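Asks: Per our numbering, the sequence shown runs over residues -15 to 395.
Think of the CB as a built atom: it goes at the ideal place given N, C-alpha and C, for glycine as much as any other residue.
Please read these numbers as outputs of a predicted model, since none were measured by experiment.
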Amino acid sequence: MSAGVIVDPIIIEGVEMGSSDRDEIPRPIISSGISGVEISFSDGSSSVITDRSGNWSKSGITGAVTVTPVHDDWSFDPPELLVDGPSESVDFTGTEIGIDYTISGLVTENASAVGIEGVNIAFSDGSSSVTTNADGEWSKSGLSGAVTVTPVHDDWSFDPPELLVHGPSESVDFTGTESGISFAGGDGTESDPYQVATAAQLNEIRNHLSSYFVQTADIDLSGYTEGDGWEPIGPVFWGSLDGGANHTISGLFIDRTGDKTGLFANSGGDILNVKLVDVDITADGDWVGALAGSNSGTITNCTADGTVTQTGDATATVGGLVGSNSGTITGSESNAAVSGAFTVGGLSGTNRGTIADSFATGPVAGPQTGDLGNRVGGLVGLNENGLISDSYATGLVTIDAAGYAVGGLVG
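Below you can see the structure in the form of structure tokens.
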């Protein structure tokens, strides 16, 4: 820490730790000093990591910010803190997580606090989901490390939409609000998918994340251009969306902060035959794409054109169709103009999955100032152990800053 910014030291288990007095949040953390803890901030600024003594420091914070410690092997008390100035104490105590742990929670109606039965509780570690009982209660054992917990029900939306937990002591409760938009037809099953014919019905998909859908008419999203624009559907889409025969989705506008930006925030389901026209996306977080910020499912015969721009985050990934792909993309294309500050691809920013029979034709621009250039490619910015076959790119690739790897096909 630079000189001249030390305030009253704090003693934690005999270890004296200083904290800053002006522009920085005080940063003593965690009994006995736990190294390698990621400290994240709700304002979207970059996280910091604790040193070997458990110390950390963060400057440039303004206004009220929620500070959250994250480590796969530790749970923290409190799990997060809201700070509103440099004089506040930002201390956490860590408890080491064993091989596995059990968590439980409650899902209730927002209006009446009555339990909601039949809510599917999913876990990001890939373990089997559980279902709430008649009182809205659920329990899950055998978890380890940090796990994101997501409630899913076709007829309800939830607050919060997901929770990140690190150990057994954390509260994992959700409140549900019953959905009210009717689809043009169908019952959401594979044999009789919900029919989507309007922008409102497309927006309603976020409340039925595990259902089947088919688009039955052209959809104009120009009614969702106020403020931040379209809110990406998520947190994770597990269902299936078929764009139908020659239908389009036009006028997708997004201008917002945060990660996972696109028509969908994150897709682990099946998306096919979706055609996005005249997209206009600007985001300063990670994982930015026209169709999905991140894809771990399958995308087939989908297209996008317009502009996709990532700004502000010097370690982010952006692509014309998806920001990051760990699933399968087949027979798809992007004609969008794509630009970003770090990892930039005409079709996908990063690829850890499979891309086949796909192409990109739009211009791709890496950082134009400074020395932030990392990987920029006409099709994929960074191909990290992924498979690319029978695919190509024809767009102009430019970068003015120092680039680590720049290529016409892959960075």
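#1: Where does Ser206 fall in DSSP's three states?
#2: Could you check where the beta strand (DSSP E) with Asn279 kicks off and where it finishes?
#3: In whole angstroms, give me the CA-to-CA distance for Trp214 and Gly17.
#4: Assign Ser155 to one of two classes, buried (16 or more other C-beta atoms within 10 Å of its C-beta) or exposed (fewer than that).
#5: What's the call for Ser316, buried or exposed, on a 16-neighbour Cβ count within 10 Å?
#6: Can you tell me whether Asp27 is buried or exposed, with buried defined as 16 or more other CB within 10 angstroms of its CB?
#7: With DSSP collapsed to three states, give me the class of Ile372.
#8: Looking only at DSSP bridge pairs, what is Ala389 linked to?
#9: Using 8 Å as the threshold, is the C-beta distance between Gly277 and Thr245 below it?
#10: Compare the beta carbon distance of Ser310 and Ala344 with 8 Å and say whether it is the shorter of the two.
#11: Enumerated in chain order, which unbroken segments of the beta strand (DSSP E) with a length of 3 residues or greater are wholly contained in the region 153 to 198?
#12: Can you grab the Cα-Cα spacing for the pair Ser37 / Ser31, in whole Å?
#13: Check whether the region 301 to 309 and the region 272 to 289 are in contact - that is, three or more C-beta pairs closer than 8 Å.
#14: Along the chain, where does the beta strand (DSSP E) containing Asp401 start, and where does it finish?
#15: Would you kindly check if the distance between the Cβ of Gly346 and the Cβ of Gly379 is under 8 Å?
#16: Which class does Glu317 belong to by DSSP, given the choice of helix, strand or coil?
#17: So what does Asp61 bridge to, in DSSP terms?
#18: Under the three-state reduction of DSSP, which class applies to Val394: helix, strand or coil?
#19: Within its chain, find whatever has a CB closer than 7 Å to the CB of Ile217; leave out the 5 residues flanking it on each side and keep chain order.
#20: Please name the residue in Val133, Tyr85 and Tyr208 whose C-alpha comes closest to that of Phe158.
#21: Checking the sheet assignment: what are the DSSP bridge partners for Ile255?
#22: May I have the straight-line CA-CA distance separating Asp109 from Ser123, to the nearest angstrom?
#23: According to DSSP, is Phe107 helix, strand or coil?
#24: Anyone know if the C-beta pair for Trp101 and Thr116 falls short of 8 Å?
#25: Output needed for Ala377: all residues of its chain with C-beta closer than 7 Å, excluding positions within five of it in sequence on either side, in chain order.
#26: Assign Leu371 to buried or exposed, taking buried as 16 or more other Cβ atoms, counted over all protein chains shown, within 10 Å of its Cβ.
#27: In three-state terms, what does DSSP make of Lys42?
#28: In angstroms with no decimal places, state the Cα-to-Cα distance between Arg6 and Val74.
#29: To which residues of the same chain is Asp176 closer than 7 Å at the C-beta, ignoring the five residues directly before and after it?
#30: Beta-carbon within less than 6 Å of Ala50's beta-carbon, same chain only, minus the 5 sequence neighbours each way: which residues are those?
#31: Going by CA-CA distance only, name the one from Ala181, Thr284, Ile339 and Asp57 that's closest to Ser373.
#32: Using three-state DSSP, classify Phe142 as helix, strand or coil.
Replies: Based on what the coordinates show:
#1: For the purposes of this step, residue 206 is identified with residue 222 of the sequence shown, where counting begins at 1. Helix.
#2: Taking the first residue of the sequence shown as position 1, residue 279 is located at position 295. Residues Ala276 to Asn279.
#3: Here the question's residue 214 lines up with position 230 in the sequence shown. Here the question's residue 17 lines up with position 33 in the sequence shown. Computed Cα separation, rounded: 43 Å.
#4: Here residue 155 is taken as the residue at index 171 of the sequence shown, counted from 1. It counts as exposed.
#5: Mapped onto the sequence shown, residue 316 falls at position 332. So Ser316 ends up on the buried side.
#6: Numbered from its first residue, the sequence shown carries residue 27 at position 43. Answer is exposed; the Cβ neighbour count stays below 16.
#7: Residue 372 sits at position 388 when you count from the first residue of the sequence shown. Ile372: strand per DSSP, three-state reduction.
#8: The residue labelled residue 389 in the question sits at position 405 within the sequence shown. For Ala389, which the question treats as bridged, DSSP gives the partners Arg359.
#9: Indexing the sequence shown from 1 puts residue 277 at position 293. Indexing the sequence shown from 1 puts residue 245 at position 261. In this structure, Thr245 lies closer than 8 Å to Gly277 by Cβ.
#10: The sequence position of residue 310 within the sequence shown is 326, counting from 1. The sequence position of residue 344 within the sequence shown is 360, counting from 1. For Ser310 and Ala344, no; Cβs fall outside 8 Å.
#11: 158 to 162 and 178 to 180
#12: Taking the first residue of the sequence shown as position 1, residue 37 is located at position 53. Taking the first residue of the sequence shown as position 1, residue 31 is located at position 47. Using only the alpha carbons, I get a separation of about 18 Å.
#13: Judged by Cβ distances under 8 Å, the region 301 to 309 makes contact with the region 272 to 289, as three or more pairs qualify.
#14: Past the edges of the chain, shown from -15 to 395, lies residue 401, and the structure says nothing about it.
#15: Locating residue 379 in the sequence shown gives position 395, where the first residue counts as 1. Locating residue 346 in the sequence shown gives position 362, where the first residue counts as 1. Yes, the pair counts as a contact, with Cβ atoms nearer than the cut-off.
#16: Locating residue 317 in the sequence shown gives position 333, where the first residue counts as 1. Residue state, collapsed to three classes: strand.
#17: On the sequence shown, residue 61 is found 77 positions in, with the first residue counted as 1. Answer is Thr77.
#18: Here residue 394 corresponds to residue number 410 of the sequence shown, with the count starting at 1. Correct three-state label for Val394: strand.
#19: Counting from one through the sequence shown, the residue named residue 217 turns up at place 233. Same-chain partners within the cutoff: Ile189, Arg190, Leu247, Phe248 and Ala249.
#20: Taking the sequence shown and counting its residues from 1, the one referred to as residue 158 is at position 174. Of the listed residues, the one whose Cα sits closest to Phe158 is Val133.
#21: Within the sequence shown, residue 255 is the residue found at index 271, counting from 1. The partner list for Ile255 (beta bridge, DSSP) reads Leu225 and Ile283.
#22: Counted from its first residue, the sequence shown places residue 109 at position 125. Counted from its first residue, the sequence shown places residue 123 at position 139. Cα to Cα, Asp109 sits roughly 16 Å from Ser123.
#23: As a first step, residue 107 is located in the sequence shown; it is residue number 123 there, counting from the start. Looking at Phe107 - three-state DSSP - the assignment turns out to be strand.
#24: The sequence position of residue 101 within the sequence shown is 117, counting from 1. The sequence position of residue 116 within the sequence shown is 132, counting from 1. Sequence inspection shows Glu at residue 101; the Trp mentioned does not correspond to that position. For Glu101 and Thr116, yes; Cβs fall inside 8 Å.
#25: Here residue 377 is taken as the residue at index 393 of the sequence shown, counted from 1. Gly330, Phe343, Ala344, Gly362, Leu363, Gly392 and Leu393, listed in sequence order.
#26: As a position in the sequence shown, residue 371 is number 387, starting the count at 1. Exposed, because fewer than 16 other Cβ atoms sit within 10 Å of the Cβ of Leu371.
#27: As a first step, residue 42 must be located in the sequence shown, where it is residue number 58. Strand.
#28: Your numbering for residue 6 matches position 22 in the sequence shown. Your numbering for residue 74 matches position 90 in the sequence shown. Residue placement at Arg6 is flagged as unreliable, the pLDDT there being 32, under the threshold of 50; a coordinate-derived value is accordingly withheld.
#29: Taking the first residue of the sequence shown as position 1, residue 176 is located at position 192. Counting only Cβ-Cβ distances below 7 Å, and skipping sequence neighbours, we find Gly170.
#30: Along the sequence shown, one-based indexing puts residue 50 at 66. Checking the sequence shown, residue 50 turns out to be Thr, not Ala. Closer than 6 Å at Cβ, skipping near neighbours: Ser26, Glu64 and Leu66.
#31: For the purposes of this step, residue 373 is identified with residue 389 of the sequence shown, where counting begins at 1. Nearest of Ala181, Thr284, Ile339 and Asp57 to Ser373, Cα basis: Ile339.
#32: Locating residue 142 in the sequence shown gives position 158, counting from the first residue. Residue state, collapsed to three classes: strand.
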